Every structure is written in structure tokens, then in C-alpha cells.
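Working notes, beginning with the structure itself.
Residue numbers (the working numbering): 380 to 553.
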């Protein structure tokens with residue numbers, strides 16, 4: 380960086396100039412054994428990839444207090460199942476998850492309703508049972524996510540709120 384003209388300079392100082400480093404590293408190559416070449420693979424049980432998906436965990440924890448559980452239901456099951464649905468919606472738009480993705484995912488299954496329909500509660504008890512254990516229930520979580528129609532993924536939280544609880548079958552694909 381240049382110094383102002385009034386700054387005293389020692390006349391014996393040599394000005395610095397550019398010099399190449401002694402070692403120039405080789406060009407980086409994507410040659411790791413698990414490296415994905417090209418686009419992310421797509422398939423029935425491969426999920427939906429997207430950026431910064433871990434942020435959805437923080438958002439889900441913030442929503443934990445709004446979940447209304449019925450007897451025999453687990454908050455962990457509700458969170459993990461709804462989280463997977465929210466991540467599918469976020470990746471559909473090619474972005475990181477936002478609170479609206481989670482509101483829709485929890486909303487279509489009636490997790491925020493004080494008095495959800497009995498049929499909806501019976502269906503979600505069956506579908507969400509055990510999903511809190513993500514290591515052992517991956518395929519069940521994928522099946523749950525694939526149940527939700529694409530048209531629901533395109534809705535806004537307000538559209539889901541106005542459709543609940545009357546049209547829960549159309550929103551959940553059931």
C-alpha cells in the first residue's frame with residue numbers, strides 16, 4: 380500500500396516487488412472415491428438434495444412448542460417426518476429451507492390444530508410411528524414424503540391454513 384508523501388521513508392529501504400512462491404500446488408481434482416460426478420443422482424429413495432438443509436433442524440426445534448400431540452404420538456416422530464417434507468419443498472425451489480416450508484409440512488398433517496379430525500390423527504399415527512428414529516426408518520420417511528402431492532409443495536402457508544382441516548386428504552395425498 381502506498382504511503383502519503385509526508386511519511387518519512389528510509390532511503391536505504393528497498394521497495395517490495397512480487398516474487399513467485401517456491402512451491403506451486405497441483406490443480407485440484409474431484410477424484411475422491413465418493414465424489415459425485417455431474418448432477419446429483421435422482422431416484423425414488425434418494426431424497427431431495429438442497430443447500431444448507433441442516434438449518435431446517437433449527438427451525439423445527441423452534442416450532443416444537445407449537446406441535447399439538449394426541450395420545451400415542453411423539454414429538455420426535457412429528458418433527459422428523461415433517462422435516463423431510465419441508466426439505467423436499469425447499470429443494471423443489473433450489474434453496475435452503477425457510478420457516479414457511481416447515482409451516483406447510485406441519486400444517487398439512489394437522490400438527491398445529493387443537494382439534495384435528497379423528498381420521499387424520501389415525502392416519503398420521505400410522506404413517507409417523509417410529510420416524511423419530513431416523514437411522515432405522517429411512518424408507519418409511521421416504522414413503523411419507525413421496526405421498527405428498529406436488530401441488531401441495533407449490534402452496535403457500537396461507538393456502539394450507541385455509542384448506543385445513545377440511546381438505547387434509549387432498550393436501551397429504553391420502
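Glycine is no exception: its CB is placed at the ideal position from the N, C-alpha and C atoms. Computed from a prediction, not measured in an experiment: that's the story for all the values here.
Going by DSSP in three states, residue i sits in which element: helix, strand or coil?
i, result
"residue 437", "helix"
"residue 474", "coil"
"residue 515", "coil"
"residue 480", "helix"
"residue 504", "helix"
"residue 551", "helix"
"residue 401", "coil"
"residue 461", "helix"
"residue 486", "helix"
"residue 395", "coil"
"residue 533", "coil"
"residue 542", "helix"
By the 10 Å Cβ neighbour count, where 16 or more other Cβ atoms means buried, how is residue i classified, buried or exposed?
i, result
"residue 476", "buried"
"residue 422", "exposed"
"residue 524", "buried"
"residue 458", "buried"
"residue 391", "exposed"
"residue 490", "buried"
"residue 514", "exposed"
"residue 467", "buried"
"residue 434", "exposed"
"residue 494", "exposed"
"residue 516", "buried"
"residue 483", "buried"
"residue 425", "exposed"
"residue 551", "buried"
Quick one: what's got a C-beta closer than 8 Å to residue i's C-beta in the same chain, skipping five residues either side?
i, result
"residue 474", "429 and 430"
Who are the Cβ neighbours of residue i in its own chain at under 6 Å, not counting the five residues just before and after it?
i, result
"residue 463", "520 and 524"
"residue 456", "507, 510 and 511"
"residue 532", "468 and 471"
Below 7 Å CB to CB, which residues in the same chain sit around residue i once its five sequence neighbours on both sides are set aside?
i, result
"residue 419", "428"
"residue 449", "500"
"residue 553", "502 and 526"
"residue 405", "none"
"residue 478", "438"
### Query
Along the chain, which unbroken stretches of the beta strand (DSSP E) at least 3 residues long are found entirely within the stretch 405 to 431?
Qualifying beta strand (DSSP E) stretches: none in this window.
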